[in-house]
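In order, the protein sequences belong to chains A, B and C. So the first sequence is numbered by numbering that gives the first Met the number 0: it starts at 0 and just counts up by one. So the second sequence is numbered by numbering that gives the first Met the number 0: it starts at 0 and just counts up by one. So the third sequence is numbered by numbering that gives the first Met the number 0: it starts at 0 and just counts up by one.
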Amino acid sequence: MSEIPILKIGDCLLVSIQVDMHDRLAMALQDDLTERIVRDRARGVMIDISALEIVDSFIGRMLNNIAAMSRVLDAVTVVVGMRPAVAITLVELGLTLSGVRTALNVDKGLAMIRGLIDTPERVDDRRER
Amino acid sequence: MPDSRVRIFSLIEQHHEAILADWLGRLRGGRGDGQHRDPEAPERARRFLQCLRRGATSGEADDISGPEWAPMRELLEDTSRAWGMQGFTPTETATFVFSLKDPLFDLLRREIGNDADQLGREIWLATRLIDRLGLYTIECYQKTREEVIGRQQQELLELSTPVVELWDGILALPLIGTLDSARTQIVMESLLERIVASGADIAIIDITGVPTVDTLVAQHLIKTISAARLMGADCILSGIRPQIAQTIVHLGLELNVVSKATMADALGLALRRTGRAIVNRAASAEPKAGT
Amino acid sequence: MIVESDETMPVRTSDDVVRVRQAVRARSVAAGFSLVDQTKIITAASEIARNTVDYGGGGTLRIEVLRNGQRRGVRLTFADQGPGIADVAQAMTDGFTSGHGLGLGLSGAKRLVNEFKIVSAPGQGTEITLARWK
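So this is what it looks like as structure tokens:
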């Protein structure tokens, strides 16, 4: 069981990353989330990174992995709360996070998930508008 | 290196009151050299002598970077800044310092008098010291100018990248001038901060004012658009002139963003995307409905 | 050029990588970096630190805060006695989207800093120096 709490809101899972994660913690989170998606039959996963001051390629890969795994399990992943300095650095780093949807905050993230789950179109088509 | 045969430092300490009185007299007398329009000049002269005595304890005339010269350096920095702001030229400030030579040389001639060699050495030492102090004020002036220029450059960069909220949740970023990497950093920071502050869903990036779009500029645009997307805001590119469109195709640039020819078109799209529609008011019965 | 501070720390475990981030943050705050500049150098440090742990068999990081006239900077030197990199040029090409490999951290980290130097050869370990100036 990872030390990062996973909350259930309706048919969505909310993860709020508050600590500077070391690698073991990140791996544990990936495992836990995958398990919870199946167990709770979640349709959406929201990852709140508003407390993260640094997102490096390892964390980026973790986010990509979580998005990919949840997609396979027919759930939508949205990452919310990215800080401006982090976004600018990621862009400079060349880390595209192309498999991950992003929203400004939890409210917009939930709205985005609702929009994606409730419309009949397939999840993949909405990636780049 | 402190030389025990050197007398100037002990002379300064012994006769500092006389030196100050002599110097003040000359400043007041309004002679060409050292005349100063600032009423604070006498007070500064007093402090100058104090700092000179302090610095003299180091026995160093050539190197004023030591701790004994710290009060003098601070005084010179302060004087240079204050007088610079009052509009005095750096030459005037430096001349104030140089004018100390007169009373100092008079003192040396009085005390050392007959020994020509010694007198020559002491006057040369005094000259080197006073020159160094005067030049320090010029350096300070230079540094202040550079700080001002740096600040103005920064302000100019920020002023030329305004972010405007066109409507609830719709931002516009009209870019004027070339987009180099320094500018791109400022643009990204302004835009992203505004996205957070306004909760915007859409950012319209208008490049009407960007003269050319080459591979580098395109990269900068792509970076900005990617950064905005990571913050959850979609981007629309507008203001694409025909030549720009040709260049983009020629260079095979993949901008990967919706683009519109004009900001008006972009705004229309943004409004539709955010679920709004603009309707004409139905013609009312009153003939004088507002124009 | 004046060295205002100089410290060395081990980079052997993933916990050390977290400590590296904290230490680089502390130094870059001390050097007066803006938030974005801090984020960039800490992220670059995180990338290289991870490489040092994962591929270099563990090593050390030396953090120096420098002053060059008016400008201040932070210089990081990562060193390990690992297998070394056979083809440095290859390792420097972008590799983020192509999966695992040494290229993942290096080219990205280079873009985040002002100065980047890498000395590595098979059997001779690796030394990577990065510097960011305010």
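Ideal placement from N, C-alpha and C gives every residue a C-beta, glycine not left out.
Distance, Cα to Cα, residue i vs residue j?
| i | j | result |
| --- | --- | --- |
| G98 (chain A) | G267 (chain B) | 29 Å |
| H15 (chain B) | L132 (chain B) | 18 Å |
| T96 (chain C) | A81 (chain B) | No answer about T96 (chain C) holds up, because its pLDDT of 36 lies below 50 and its placement is not dependable. |
| F122 (chain C) | S197 (chain B) | Sequence inspection shows Gly at residue 122 (chain C); the Phe mentioned does not correspond to that position. C-alpha separation (whole angstroms): 55 Å. |
| L105 (chain C) | D130 (chain B) | 52 Å |
| I239 (chain B) | A202 (chain B) | 16 Å |
| S9 (chain B) | L26 (chain B) | 24 Å |
| T52 (chain B) | Q13 (chain B) | Contrary to the premise, residue 52 (chain B) reads as Arg rather than Thr in this sequence. Taking the straight line joining both Cα atoms gives about 10 Å. |
| T38 (chain C) | S27 (chain C) | 9 Å |
| V44 (chain A) | I116 (chain A) | 11 Å |
| T136 (chain B) | L60 (chain C) | 42 Å |
| G81 (chain C) | L250 (chain B) | 43 Å |
| R46 (chain B) | L23 (chain B) | 12 Å |
| I3 (chain A) | L28 (chain A) | 7 Å |
| A232 (chain B) | L74 (chain B) | 53 Å |
| I53 (chain A) | G107 (chain C) | 14 Å |
| A288 (chain B) | V79 (chain A) | With a pLDDT of 47 at A288 (chain B), under the threshold of 50, the predicted position of this residue should be treated as unreliable, and no value is reported. |
| S225 (chain B) | V256 (chain B) | 10 Å |
| R42 (chain A) | I247 (chain B) | 40 Å |
| R109 (chain B) | G58 (chain B) | 21 Å |
| S49 (chain A) | R82 (chain A) | 6 Å |
| H21 (chain A) | D14 (chain C) | 6 Å |
| W166 (chain B) | I41 (chain C) | 37 Å |
| D79 (chain C) | V118 (chain C) | 11 Å |
Can you pull the chain B residues whose beta carbon is under 8 Å from the beta carbon of residue i, in chain order?
| i | result |
| --- | --- |
| I87 (chain A) | Q184, M187, E188, L191, A226 |
| T76 (chain A) | The contacting residues do not exist; T76 (chain A) stays about 14 Å from chain B at best. |
| L96 (chain A) | L229 |
Output the boundary residues of the beta strand (DSSP E) element that contains residue i.
| i | result |
| --- | --- |
| S159 (chain B) | Segment: none, S159 (chain B) is in no beta strand (DSSP E) and carries neither H nor E. |
| R131 (chain C) | 125–132 |
| G59 (chain A) | Counting along the chain, G59 (chain A) falls outside any beta strand (DSSP E), though it belongs to the alpha helix (DSSP H) covering 56–71. |
| I3 (chain A) | No beta strand (DSSP E) holds I3 (chain A); DSSP gives it neither H nor E. |
| P9 (chain C) | 1–10 |
| R100 (chain A) | 100–102 |
| T76 (chain A) | 75–79 |
| E114 (chain C) | 114–119 |
| L13 (chain A) | 11–15 |
Locate the alpha helix (DSSP H) running through residue i, then write down its first and last residues.
| i | result |
| --- | --- |
| D101 (chain B) | 100–111 |
| I175 (chain B) | That residue, I175 (chain B), is in no alpha helix (DSSP H); its beta strand (DSSP E) goes 169–175. |
| F47 (chain B) | 40–55 |
| F97 (chain B) | 89–97 |
| V44 (chain A) | V44 (chain A) -> not in any alpha helix (DSSP H); beta strand (DSSP E) instead, spanning 43–47. |
| E91 (chain A) | 83–92 |
| V5 (chain B) | Premise fails: V5 (chain B) is in no alpha helix (DSSP H) and is neither H nor E. |
| R18 (chain C) | 13–29 |
| T78 (chain B) | 69–85 |
| V37 (chain A) | 22–39 |
| V105 (chain A) | 105–117 |
Hey, residue i and residue j are a contact pair by Cβ (cut 8 Å); roughly how many whole angstroms apart?
| i | j | result |
| --- | --- | --- |
| M262 (chain B) | T223 (chain B) | Their Cβ separation, rounded to whole angstroms, is 16 Å, which puts M262 (chain B) and T223 (chain B) out of contact at 8 Å. |
| D61 (chain B) | R120 (chain B) | That belief does not hold up - the Cβ atoms of D61 (chain B) and R120 (chain B) are roughly 13 Å apart, past 8 Å. |
| S237 (chain B) | D205 (chain B) | 5 Å |
| I62 (chain C) | A22 (chain C) | 6 Å |
| R113 (chain A) | V77 (chain A) | About 10 Å separates the two Cβ atoms, so there is no contact after all. |
| V17 (chain C) | D19 (chain A) | 5 Å |
| H219 (chain B) | T160 (chain B) | With a Cβ gap of about 12 Å, H219 (chain B) and T160 (chain B) do not count as contacting. |
| D10 (chain A) | R38 (chain A) | With 8 Å as the limit, D10 (chain A) and R38 (chain A) do not qualify as a contact, their Cβ atoms being about 12 Å apart. |
| P66 (chain B) | C50 (chain B) | No, P66 (chain B) and C50 (chain B) are not in contact; Cβ-Cβ is about 12 Å, not under 8 Å. |
Who are the neighbours of residue i on chain A, taking C-beta pairs under 7 Å?
| i | result |
| --- | --- |
| G54 (chain B) | The premise fails here: G54 (chain B) is roughly 46 Å from chain A at the closest Cβ pair, so nothing lies under 7 Å. |
| K39 (chain C) | T88, E91 |
Starting from the beta carbon of residue i, find every residue of chain A whose beta carbon is closer than 8 Å, and list them in chain order.
| i | result |
| --- | --- |
| I203 (chain B) | Correct list: empty, because the minimum Cβ distance to chain A is about 14 Å. |
| I169 (chain B) | By Cβ distance, chain A contributes nothing, its closest Cβ being about 14 Å from I169 (chain B), past 8 Å. |
| D14 (chain C) | H21 |
| V195 (chain B) | P83, L103 |
Below 7 Å on C-beta distance, what does residue i contact in chain B?
| i | result |
| --- | --- |
| M81 (chain A) | L229, M230 |
Residues of chain C with CB under 7 Å from residue i, in chain order?
| i | result |
| --- | --- |
| D149 (chain A) | Missing from the structure shown is residue 149 (chain A); chain A here goes from 0 to 128 and no further. |
| E2 (chain A) | Near E2 (chain A) there are no residues of chain C at all, since even the closest Cβ is about 14 Å away, more than 7 Å. |
What residues from chain A crowd round residue i, counting only those whose CB sits closer than 9 Å?
| i | result |
| --- | --- |
| V35 (chain C) | P83, A84, I87, T88 |
| K367 (chain B) | With chain B represented from 0 up to 290, any question about residue 367 (chain B) goes unanswered, as that position is not in the structure. |
| K222 (chain B) | I87, V90, E91 |
Since residue i meets chain C, which of its residues come closer than 8 Å, beta carbon to beta carbon?
| i | result |
| --- | --- |
| E34 (chain A) | None at all; the shortest Cβ gap to chain C is about 22 Å. |
Applying a beta-carbon distance threshold of less than 9 Å, which residues of chain B neighbour residue i?
| i | result |
| --- | --- |
| K107 (chain A) | G198, D200, G231 |
Mind checking if residue i is an interface residue toward chain D, Cβ cutoff 9 Å exclusive?
| i | result |
| --- | --- |
| L115 (chain A) | The displayed structure is made up of protein chains A, B and C, and chain D is not among them. |
Legend entry - Residue ranges of each beta strand (DSSP E) within the segment 197–232 of chain B, 3 or longer: 201–208
Inset, instruction - Starting from the N-terminal side, write out each stretch of the alpha helix (DSSP H) that is 4 residues or longer and does not extend beyond the segment 247–284 of chain B. - result: 262–272
Legend entry - Any alpha helix (DSSP H) of 4 or more consecutive residues that is wholly inside the segment 52–87 of chain C: none
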